[in-house]
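Note sheet for the following structure.
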Amino acid sequence: MLDDRTARFVLWAPARDAIALEIDEQPPIAMNRDEKGYFTAVAFCTPGTRYRFRVQPDLVVADPASRLQDGDVHDASILVGPDTYPWQCETWRGRPWHETVIYEIHPGICGGFVGIEASLPDLAKLGVTAIELMPIADFPGVRNWGYDGVLPYAPDTAYGAPNALKHMIDTAHSHGTMVFLDVVYNHFGPDSNYFHSFAPQFFRDDIKTPWGGAIDFRREPVRRYFIDNALYWLNEFRFDGLRFDAVHAIGDSEFLHVMVREIRANTASDRHIHLVLENDDNDATLLPATPASPLYDAQWADDTHHCLHVLLTGEQSGYYEDYRNPARQLARCLGEGFAYQGESSSHRDGTVRGAPSAHLPPSAFVAFLQNHDQIGNRAFGERLTMLADHGALRAAILLLLLSPQIPLIFMGEEYGETRPFLYFTDHRDPELAKAVRQGRRREFARFKEFASEEAQLRIPDPNDKTTFEVSILQAANAEDSAAVEWFAFYRHLLRLRHQAIVPGIPGARSIGAEALETSGVRAAWRFGNGAILTIAGNFGIGVLMCEAGAGAVFAATPPDVGTDNVLPPRAAIAWLQPA
């Protein structure tokens with residue numbers, strides 16, 4: 072908006088010679104084109120005005136930078152005025168990274184922004200210090216994981232209005248809880264991505280991705296589109312951090328360096344802004360060797376997850392085939408960060424993956440036992456409560472929540488949720504819905520248990536509403552003794568973490584990690600405050616010899632596990648020697 076009655080509209084459309092701005096109840100307005108392909112027009116209008124761009128005689132599209140849609144992705148965009156939300160937590164500046172305990176959440180499963188807001192007191196009670204929303208950029212339909220978004224500036228109205236999102240974030244801050252957002256800058260969804268019709272230069276034709284031509288981050292308009300989006304979420308909505316989805320699919324590490332520098336330079340220096348990567352390339356150059364590094368704070372520790380998953384379930388199909396020595400590889404993750412630091416990956420046809428990471432602090436890695444990918448990308452969306460022995464699972468949870476890596480919990484995990492989290496969509500185009508259904512079944516046809524057509528037909532249809540409904544969390548209640556026990560276990564460990572682990576994370580370094588035969592691991596860290604933490608876990612069914620750590624037993628599961636250099640089956644012990 073230029074003022075309360077006038078707005079400037081801009082569209083980068085280098086492939087077109089003429090573009091018209093169409094505002095409801097006004098005749099079309101011809102937009103002016105400059106030599107770089109930017110079209111502009113100034114019009115009399117007020118916030119709430121509906122508008123679109125006619126990019127071809129037979130095609131009218133929403134604003135690619137729409138901040139609000141009048142319905143869905145195919146509908147008109149709505150003009151949004153200056154931010155007038157009355158923020159209450161004006162003094163909030165966030166929390167330091169080392170205090171972070173992340174809770175990943177899907178807004179649609181939890182009742183939208185209002186539903187998430189209602190859960191904030193319980194999450195704070197649990198010990199969560201940051202919630203991380205799966206992507207909210209406008210997607211087709213009302214049910215989606217969010218990775219089919221096509222309008223990255225517009226919060227999907229299926230979850231609530233923009234001010235409802237701001238109110239939820241404001242309320243989280245009042246509870247001392249940070250809010251992170253998962254953003255997708257590596258591709259657009261297949262429905263309502265119209266860039267090809269007016270700006271095919273947005274994409275490269277020399278690099279292909281699973282979603283088509285790679286986005287061309289060499290072009291300044293493309294870079295600005297995404298960098299400004301990151302700043303929009305951080306500055307206008309006051310998110311405390313961003314998680315960047317699958318940046319290995321961006322294929323332009325220079326852009327990643329440019330983006331992080333711009334974000335650091337254009338957010339208030341007194342705010343704690345946290346930036347986290349998902350990066351299958353294990354690129355250590357993007358991560359901070361010291362807290363003062365102007366880089367990303369951390370990377371999702373997929374290697375750590377994969378090792379623990381194999382130890383807990385015995386599964387070794389798909390990408391788990393790269394983890395044939397899970398105990399030894401887990402020890403490397405705990406001591407050095409990445410399991411793959413330049414070794415060839417058999418799952419990737421021998422491709423070399425990763426770089427040395429031992430110089431990085433433990434807090435440069437976000438560790439987890441479950442997340443949306445690792446559950447939802449299974450054919451039937453099973454959680455670990457349905458796949459693993461609960462004793463071994465508790466041992467892994469102790470390791471996760473007490474190590475100096477940054478822990479992430481997936482929604483429902485804290486009370487032992489048994490309902491699945493499935494992959495779901497709401498594509499209104501029958502042919503696209505069919506293609507997604509068939510594509511998912513073909514994806515699993517590579518596994519022997521889904522080799523037959525009959526087995527593939529059992530895989531839930533992503534577009535069936537029931538697939539979404541069975542993924543909705545069960546409400547834990549005081550009469551569910553198992554849920555109460557799980558919650559108490561998580562809460563106890565997170566209390567110990569905040570009391571004794573968090574203060575020592577700045578400056579923490581590994582002082583050794585080793586495999587205990589083929590089913591266990593022992594790792595130790597010297598904290599920045601001089602304390603020494605040792606954790607040993609046995610995820611198998613046999614007894615393991617294990618030297619006790621320095622100091623007294625700090626936590627154990629089962630609680631009465633012995634400490635005489637013997638680690639029983641499916642058990643874990645943490646020792647802590649104070650500074």
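Reminder that position 461 of the sequence shown reads as 532 in the working numbering, one-by-one numbering, no gaps. Ideal Cβ placement from N, Cα and C applies to all residues, glycine included. Since the model is a prediction, treat every value here as computed from it, not as a measurement.
So who's on the other strand from residue i, going by DSSP bridges?
| i | result |
| --- | --- |
| Gln127 | Leu130 |
| Asp74 | Thr77 |
| Thr589 | In DSSP, Thr589 forms no bridge with anything. |
| Ser416 | Thr422 |
| Phe315 | Val254, Leu348 |
| Pro478 | Ala438 |
| Leu222 | Asp209 |
| Ala101 | Ala91 |
| Lys196 | Paired residue(s): none; Lys196 is not in a bridge. |
| Ala594 | Ala584, Ile606 |
| Glu161 | Per DSSP, none; premise fails for Glu161. |
| Val507 | BP columns for Val507 are empty, so no partner. |
| Ala642 | Asn609 |
For residue i, does the three-state DSSP call read helix, strand or coil?
| i | result |
| --- | --- |
| Gln545 | coil |
| Gly608 | strand |
| Pro501 | helix |
| Thr120 | coil |
| Asn234 | helix |
| Asp253 | strand |
| Thr537 | helix |
| Lys107 | coil |
| Val331 | helix |
| Met457 | helix |
| Val614 | coil |
| Tyr174 | strand |
| Phe273 | helix |
| Ser388 | coil |
| Val624 | strand |
| Leu431 | coil |
| Gln445 | helix |
| Phe515 | helix |
| Phe288 | coil |
| Arg342 | coil |
| Ser190 | helix |
| Thr280 | strand |
| Val632 | coil |
| Ile149 | strand |
| Val381 | helix |
| Phe184 | helix |
Starting from the C-beta of residue i, find all residues in its chain whose C-beta is less than 6 Å away, skip the five residues before and the five after it, and write them out in chain order.
| i | result |
| --- | --- |
| Phe269 | Ala84, Ala86, Arg87, Val126 |
| Gln272 | Pro85 |
| Ser245 | Cys160 |
| Asn103 | Thr111 |
| Phe518 | Ser388 |
| His430 | Ala360 |
| His418 | Tyr390, Glu392, Asp393 |
Below 8 Å on the Cβ atoms is my contact criterion, and I expect residue i with residue j to pass it. Report the Cβ-Cβ distance as a whole number of Å.
| i | j | result |
| --- | --- | --- |
| Phe393 | Asp316 | The sequence given here has Asp at residue 393, not Phe. With 8 Å as the limit, Asp393 and Asp316 do not qualify as a contact, their Cβ atoms being about 21 Å apart. |
| Ala466 | Asn609 | 7 Å |
| Val541 | Arg490 | 7 Å |
| Gly182 | Phe251 | The pair is not a contact, with the Cβ atoms about 19 Å apart (cut-off 8 Å). |
| Thr248 | Leu194 | 7 Å |
| Leu544 | Ile468 | Not quite, the Cβ-Cβ distance comes to about 19 Å (not below 8 Å), so this is no contact. |
| Arg138 | Tyr224 | 5 Å |
| Ile603 | Gln648 | 4 Å |
For residue i, tell me which candidate among the options has the shortest Cα-Cα distance.
| i | options | result |
| --- | --- | --- |
| Asp629 | Glu488, Ile530, Ala643, Trp557 | A quick correction: the sequence has Pro, not Asp, at residue 629. Checking every option, the nearest Cα to that of Pro629 belongs to Ala643. |
| Ala372 | Asp341, Phe409, Arg342, Leu382 | Phe409 |
| Pro427 | Asn396, Arg289, Ala360 | Ala360 |
| Ala147 | Leu472, Ala554, Ser590, Phe124 | Phe124 |
| Asp535 | Asp497, Tyr367, Phe560 | Asp497 |
| Ala438 | Tyr391, Pro397, Ile480 | Ile480 |
| Val113 | Asp75, His145, Asn600, Ile576 | Asp75 |
| Leu82 | Thr117, Asp420, Val131, Phe115 | Val131 |
| Tyr156 | Ile572, Ala235, Glu349 | Ala235 |
Residues in the same chain with beta-carbon distance under 8 Å from residue i, minus the five sequence neighbours each way, listed in chain order, please.
| i | result |
| --- | --- |
| Thr338 | Leu302, Leu305, Asn306, Ile344 |
| Pro365 | Val331, Arg332, Arg335 |
| Thr120 | Ala78, Ile94, Asp95, Ile149, Leu150 |
| Val199 | Val172, Ile173, Tyr174, Thr248, Ile480, Leu565 |
Leaving out five residues on either side along the sequence, give the residues of the same chain with a beta carbon under 7 Å from the beta carbon of residue i.
| i | result |
| --- | --- |
| Phe515 | Ala450, Phe521, Gln527, Ile530 |
| Asn264 | Val221 |
| Phe539 | Arg214, Phe495 |
| Asn442 | Glu175, Leu479, Phe481 |
| Val632 | Pro639, Ala642, Ile644 |
| Trp646 | Thr605, Ala619, Gly620, Ala621, Gly622, Ala623, Val624, Phe625 |
| Ala553 | Gly487 |
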